[in-house]
Amino acid sequence: MPTVSYKGEEIECEKGANLRDVLKEAGLSVYNGKMEQLNCRGAGSCGSCAVQVDGEVSEPSKKERARLWFPPHHPSHDVRLACQTKVEGDVEVTKGRGLFGQHI
Numbered sequence: 076m077p078t079v080s081y082k083g084e085e086i087e088c089e090k091g092a093n094l095r096d097v098l099k100e101a102g103l104s105v106y107n108g109k110m111e112q113l114n115c116r117g118a119g120s121c122g123s124c125a126v127q128v129d130g131e132v133s134e135p136s137k138k139e140r141a142r143l144w145f146p147p148h149h150p151s152h153d154v155r156l157a158c159q160t161k162v163e164g165d166v167e168v169t170k171g172r173g174l175f176g177q178h179i
């Protein structure tokens with residue numbers, strides 16, 4: 076089973092599990108500040124669950140790539156949307172500063 080490392084915690088999950096859901100079920104949030112209440116609930120439209128991911132995950136979908144082109148994100152920021160990312164192996168997740176976590 077893959078292990079997700081985030082904020083000093085290690086969570087085991089099924090291969091192919093949604094990263095946002097894995098963290099949420101473990102009581103961990105991928106949101107900063109007010110975005111905890113104002114996010115799109117995993118629809119991939121707000122961009123507030125952006126995290127840096129190191130490890131084996133799914134390729135970005137067309138929807139995710141499109142959202143990461145809009146401010147405050149940019150493809151060069153090297154972030155993924157947790158709500159659109161599937162865990163394929165062990166991963167280490169880092170949340171950046173800023174309302175959308177865009178400052179890694």
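When we follow this note's numbering, the leftmost residue of the sequence shown carries the number 76, and every step to the right adds one. The beta carbon of each residue, even a glycine, is placed where N, CA and C say it ideally should be.
task = May I have the straight-line CA-CA distance separating T169 from W144, to the nearest angstrom?
result = Taking the first residue of the sequence shown as position 1, residue 169 is located at position 94. Taking the first residue of the sequence shown as position 1, residue 144 is located at position 69. Straight-line Cα distance between these residues: approximately 20 Å.
Minimum length 4: unbroken alpha helix (DSSP H) runs contained in the region 118 to 178 = 137 to 142
request  = Check whether the Cβ atoms of G164 and E131 lie closer than 9 Å to each other.
outcome  = Looking up residue 164 in the sequence shown gives position 89. Looking up residue 131 in the sequence shown gives position 56. Yes, Cβ-Cβ distance for G164 and E131 is below 9 Å.
ask   = Mapping DSSP to helix, strand and coil, what is E100?
value = On the sequence shown, residue 100 is found 25 positions in, with the first residue counted as 1. Note: E100 maps to helix in three-state DSSP.
inquiry  = My output table needs one value for E111: the three-state DSSP class, helix, strand or coil.
reply    = Your numbering for residue 111 matches position 36 in the sequence shown. Helix, per DSSP.
request  = In the DSSP assignment, find the beta strand (DSSP E) that holds V105 and state where it starts and stops.
outcome  = On the sequence shown, position 30 is the one that residue 105 refers to. V105 -> no beta strand (DSSP E), and no H or E assigned at all.
message = If you follow the beta strand (DSSP E) that G89 is in, where does it begin and where does it stop?
response = One-based indexing of the sequence shown puts residue 89 at position 14. Correcting the residue type first, residue 89 is Glu in the shown sequence and not Gly. E89 -> no beta strand (DSSP E), and no H or E assigned at all.
query = Shortest alpha-carbon distance to C124 belongs to which of M110, K137, S136, E134?
reply = As a position in the sequence shown, residue 124 is number 49, starting the count at 1. Cα-wise, what sits closest to C124 is M110.
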